[in-house]
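Taking it in order: structure first as structure tokens, then the write-up.
There are 2 protein chains.
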Amino acid sequence: MEKIVVFGLGLIGGSMALSLKQKNRCFIGVDPNKAHAQKALELGIIDEIGSLKEAVDAQIIIIAVPVNVAPELTLKILDLIDEQALVFDVGSVKTSICEAVKHHPKRFNFVAAHPIAGTEFSGPTAAFNGLFRGKKNIICEPNQTAQVILQSALSIFKELEMSTSFMEAKAHDKHIAYVSHLSHISSFMLGKTVLEIEKDEASIFTMAGSGFASTVRLSKSSPETWTPIFIQNKNNILKSLDEYIKNLNQFRELLYQHNTEAIYQAMKDTHKLKKILEDIK
Amino acid sequence: MEKIVVFGLGLIGGSMALSLKQKNRCFIGVDPNKAHAQKALELGIIDEIGSLKEAVDAQIIIIAVPVNVAPELTLKILDLIDEQALVFDVGSVKTSICEAVKHHPKRFNFVAAHPIAGTEFSGPTAAFNGLFRGKKNIICEPNQTAQVILQSALSIFKELEMSTSFMEAKAHDKHIAYVSHLSHISSFMLGKTVLEIEKDEASIFTMAGSGFASTVRLSKSSPETWTPIFIQNKNNILKSLDEYIKNLNQFRELLYQHNTEAIYQAMKDTHKLKKILEDIK
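Residue numbers (this note's numbering), protein chains in the order written: chain A, 1282 to 1562; chain B, 1282 to 1562.
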């Protein structure tokens, strides 16, 4: 019987357990939120509720907690584990966790992963088998992991039907600021702006259609998960945000000047995205 | 046989023809883009290709052209039509067209409508039966339309399975700037920002997931349709854009100050949207 301990029983940790369920595996769930742990047990996501010490004799340990909690927890787990164990995290920021574990004697047991999958929902009730299917996974600093442990992680991600690629942690954090973190902020601020105006214009949402719904979808994401991501990837996000605000100001100026041609051209130019988006699952 | 003339054979005009098709109706399509007209004929969206003069003996005339073209075209059509004819437009900005037709002797034959439905795709190939099903429709200045004509329009929108509400044109344009036009700009500028950074960071899109795809979906919208909308609703959009940029700058400042608590609270506050979005189709 393979023992898998999942720290954090939210959307990601819960979906991972559900997607990896097999007869010969036992899933122990650990979550400081007792209601979440209980719900995960009820929903059959985990077989038992446990605590930190379960890591001692586990074969696989999954760290799916908010990124501000993950580095310290990972160090504690690495202190406890067996020499053959695979420990991996799934956080959306990778520099800080890689930095934290850098000098740990069990660094070779650790894989810094980022399975790029999610929905705007959170908690164990949002978890489902199949969340990761066909999606991308990034592993950072693979050379810092022992070959046999890395292979074991790769086979887990293969089981999840993900395609894995390798990347330096700094490059990961820089790029993900643009294609994920910035999207969350733009969406979240759009929601905020419309909610503010709604105070004076009560009927405004009766006019909202599917375009608005799709653009503000990410603003429903969990503040518990996302606030620490923003804080931890602050410098990269500030840079991407500055470029986004600069582009919005430029658009504003073109509109103010009634520059139809330049607006048209700018829209036309972003149509390159069409082809790119076709490939995104 | 009821004769319906559709001006503009793109996503909206085409979907309207497809959704209203019945044995006893004949659809004539008019589009300055000959390839679009030909495609619409091939796809069975229309029964014949025609020209402006077809309006003379039509029972229903649908104006689904870009908003910069619609006011002048509507005036020409009103000059030609039979006294019983229903003419309606479907544009996303309503003040300018209402202003244009205000003093026309056939103003009572005209309905200023905005069926709030669409996808990011355009042209006759994007059209489909069912686009409007379950969506909202706004009719502006209903008192300026003859009762019998208005009833005829309402029955058309009922046939499309839309729920119609009434609104002043100015209020429509102000509200729609927030819940539709601003979403398009935020999405479009997000796409632009990520495309620009991609020039230096070639692999960036390999990391994009479903969150990014959903947030930039609207940036694929047609520049031919959207540039005139932005220009025509300029003042309302500038106002909404200023508030959006102000919120982004505020968020930037909170992040810069490492103000975890305020960011968390701001995200939490926008969660009111969750309930609201559940009701949007």
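Ideal Cβ placement from N, Cα and C applies to all residues, glycine included. For clarity, every value in this text was computed on a predicted model and none was experimentally measured.
If you drop the 5 nearest sequence neighbours on each side, which residues of the same chain put their C-beta closer than 7 Å to that of A1407/B? Numbered from 1 along the second sequence, position 126 holds the residue referred to as residue 1407/B. These residues qualify, in order along the chain: L1292 and T1400.
Please list, in chain order, the chain B residues whose beta carbon lies closer than 8 Å to that of L1522/A. On the first sequence, residue 1522/A is found 241 positions in, with the first residue counted as 1. Within chain B, the residues near L1522/A are L1529, F1532, R1533 and L1536.
Hey, how far is the Cα of I1309/B from the Cα of E1323/B? As a first step, residue 1309/B must be located in the second sequence, where it is residue number 28. As a first step, residue 1323/B must be located in the second sequence, where it is residue number 42. If I take the Cα positions, the gap works out to 13 Å.
Inspect the CB distances between the region 1333 to 1353 of chain B and the region 1367 to 1375 of chain B and report whether three or more fall short of 8 Å. yes
Per DSSP, cross-strand counterpart(s) of A1255/A: Outside the modelled stretch of chain A, which goes from 1282 to 1562, sits residue 1255/A, for which no answer is possible.
Could you check if G1415/A is buried or exposed, using at least 16 other CB atoms within 10 Å of its CB as the buried criterion? Counting from one through the first sequence, the residue named residue 1415/A turns up at place 134. Exposed, because fewer than 16 other Cβ atoms sit within 10 Å of the Cβ of G1415/A.
Using a Cβ cut-off of 8 Å (strictly closer), state whether S1468/A contacts chain B. What you label residue 1468/A is simply residue 187 of the first sequence in a count that begins at 1. Answer yes: the Cβ-Cβ gap between S1468/A and chain B drops below 8 Å somewhere.
Pull up the distance between the alpha-carbon of L1361/A and that of N1390/A, whole angstroms please. Counted from its first residue, the first sequence places residue 1361/A at position 80. Counted from its first residue, the first sequence places residue 1390/A at position 109. If I take the Cα positions, the gap works out to 12 Å.
Is S1348/B helix, strand or coil by DSSP? For the purposes of this step, residue 1348/B is identified with residue 67 of the second sequence, where counting begins at 1. Sequence check: residue 1348/B is Val here, not Ser. In the three-state scheme derived from DSSP, where H, G and I count as helix and E and B as strand, V1348/B is classed as coil.
Who are the near neighbours of H1317/A in its chain, counting only those whose CB is closer than 8 Å to its CB and skipping five residues on each side? As a first step, residue 1317/A must be located in the first sequence, where it is residue number 36. Hits under 8 Å: L1290, G1291, G1404 and P1405.
Here's the rule I'm using: 16 or more other beta-carbon atoms within 10 Å means buried, otherwise exposed. How should S1332/B be labelled? Numbered from its first residue, the second sequence carries residue 1332/B at position 51. Looking at its Cβ environment, which holds fewer than 16 other Cβ atoms inside 10 Å, S1332/B is exposed.
Rounded distance between the beta-carbons of M1297/B and I1343/B, thought under 8 Å: The count along the second sequence starts at 1 and reaches residue 1343/B at position 62. The count along the second sequence starts at 1 and reaches residue 1297/B at position 16. Contact between I1343/B and M1297/B holds: their C-beta atoms lie close to 6 Å from each other, under 8 Å.
How about the region 1445 to 1462 of chain A and the region 1410 to 1429 of chain A: do they share at least three Cβ pairs that are nearer than 8 Å? yes
Tell me the residue span of the alpha helix (DSSP H) that contains M1488/B. Locating residue 1488/B in the second sequence gives position 207, counting from the first residue. For M1488/B, there is no enclosing alpha helix (DSSP H), as DSSP marks it with neither H nor E.
Exposed or buried, H1384/B, counting other C-beta atoms within 10 Å across all chains shown (16 or more means buried)? Position 103 of the second sequence, counted from the first residue, corresponds to residue 1384/B. Classification of H1384/B: exposed, given that the 10 Å Cβ count is below 16.
Which of the three DSSP states, helix, strand or coil, is assigned to K1357/B? The residue you call residue 1357/B lines up with position 76 of the second sequence. In the three-state scheme derived from DSSP, where H, G and I count as helix and E and B as strand, K1357/B is classed as helix.
May I have the straight-line CA-CA distance separating V1346/A from G1372/A, to the nearest angstrom? By one-based count along the first sequence, residue 1346/A stands at place 65. By one-based count along the first sequence, residue 1372/A stands at place 91. The straight-line gap from Cα to Cα measures roughly 8 Å.
Pick from Q1546/A, K1315/A and I1341/A: whose alpha carbon is nearest that of N1431/A? Residue mapping note: residue 1431/A aligns to position 150 of the first sequence, counting from 1. At residue 1431/A the sequence reads Leu, which differs from the Asn that was named. Among Q1546/A, K1315/A and I1341/A, the Cα nearest to that of L1431/A belongs to I1341/A.
Let me confirm a value: S1433/B is counted as buried when at least 16 other C-beta atoms fall within 10 Å, else exposed. Which label applies? Your numbering for residue 1433/B matches position 152 in the second sequence. Buried is the call here.
Alpha helix (DSSP H) runs contained entirely in the region 1420 to 1504 of chain B, provided each spans 4 or more residues: 1428 to 1440, 1450 to 1457, 1463 to 1479 and 1491 to 1496
To which residues of the same chain is V1382/A closer than 7 Å at the C-beta, ignoring the five residues directly before and after it? Position 101 of the first sequence, counted from the start, is the residue given in the question as residue 1382/A. Taken in chain order, the residues that qualify are T1355, L1356, L1359, R1388 and F1391.
Flag G1411/B as yes if its beta-carbon sits less than 8 Å from any beta-carbon of chain A, otherwise no. By one-based count along the second sequence, residue 1411/B stands at place 130. No, because no Cβ of chain A sits closer than 8 Å to the Cβ of G1411/B.
Distance between beta carbons of T1508/A and M1548/B, contact taken as under 8 Å: Along the second sequence, one-based indexing puts residue 1548/B at 267. Along the first sequence, one-based indexing puts residue 1508/A at 227. Indeed, because the Cβ distance is near 6 Å, the residues count as touching under 8 Å.
Taking DSSP's pairing of strands, which residues face E1329/A in a bridge? Your numbering for residue 1329/A matches position 48 in the first sequence. Paired residue(s): I1309/A.
Hey, N1528/A and D1454/A: beta-carbon distance below 8 Å or not? For the purposes of this step, residue 1528/A is identified with residue 247 of the first sequence, where counting begins at 1. For the purposes of this step, residue 1454/A is identified with residue 173 of the first sequence, where counting begins at 1. Against a cut-off of 8 Å, the Cβ pair of D1454/A and N1528/A comes out as no contact.
At the level of alpha carbons, what is the spacing between E1479/A and S1461/B? Sequence index remark: in the first sequence, residue 1479/A carries index 198 (1-based). Sequence index remark: in the second sequence, residue 1461/B carries index 180 (1-based). Answer to the nearest angstrom: the Cα atoms are 14 Å apart.
Which residues does DSSP list as the beta-bridge partners of F1288/B? In the second sequence, the residue the question calls residue 1288/B occupies position 7. In the DSSP output, where bridge partners are listed per residue, F1288/B has V1311/B and I1344/B.
Using 8 Å as the limit for Cβ to Cβ distance, is P1405/B near chain A? Translated into positions along the second sequence, residue 1405/B becomes position 124. It does not; no Cβ of chain A falls within 8 Å.
What are the start and end residues of the alpha helix (DSSP H) that includes M1634/A? The structure shown has nothing for residue 1634/A, since chain A only spans 1282 to 1562.
Does the beta-carbon distance from E1544/A to L1535/A come in below 8 Å? Indexing the first sequence from 1 puts residue 1544/A at position 263. Indexing the first sequence from 1 puts residue 1535/A at position 254. The amino acid occupying residue 1544/A in the given sequence is Ile; Glu does not appear at that position. Cβ distance < 8 Å, so I1544/A and L1535/A count as in contact.
May I have the straight-line CA-CA distance separating L1476/B from S1464/B, to the nearest angstrom? As a first step, residue 1476/B must be located in the second sequence, where it is residue number 195. As a first step, residue 1464/B must be located in the second sequence, where it is residue number 183. Their Cα atoms are separated by approximately 18 Å.
Give the interface partners of V1497/B over in chain A, defined as CB-CB distance under 8 Å, in chain order. For the purposes of this step, residue 1497/B is identified with residue 216 of the second sequence, where counting begins at 1. Chain A residues near V1497/B: S1464, L1554 and L1558.
Could you give the first and the last residue of the continuous alpha helix (DSSP H) run that contains E1524/A? Translated into the one-based positions of the first sequence, residue 1524/A becomes position 243. For E1524/A, the uninterrupted alpha helix (DSSP H) run begins and ends at K1515 to Y1537, by DSSP.
Using a cut-off of 9 Å between C-beta atoms, extract the partners of E1477/A located in chain B. By 1-based counting over the first sequence, the position of residue 1477/A is 196. Neighbours of E1477/A on chain B, chain order: E1524 and N1528.
Since E1559/A is in the alpha helix (DSSP H), which residue starts that stretch and which ends it? Your numbering for residue 1559/A matches position 278 in the first sequence. That run of the alpha helix (DSSP H) goes K1553 to E1559.
Do V1374/A and I1348/A count as a contact pair if the criterion is CB distance below 8 Å? For the purposes of this step, residue 1348/A is taken as residue 67 along the first sequence, with counting starting at 1. For the purposes of this step, residue 1374/A is taken as residue 93 along the first sequence, with counting starting at 1. In the sequence as presented, Ile is not what sits at residue 1348/A; that position holds Val. Yes. Within cutoff.
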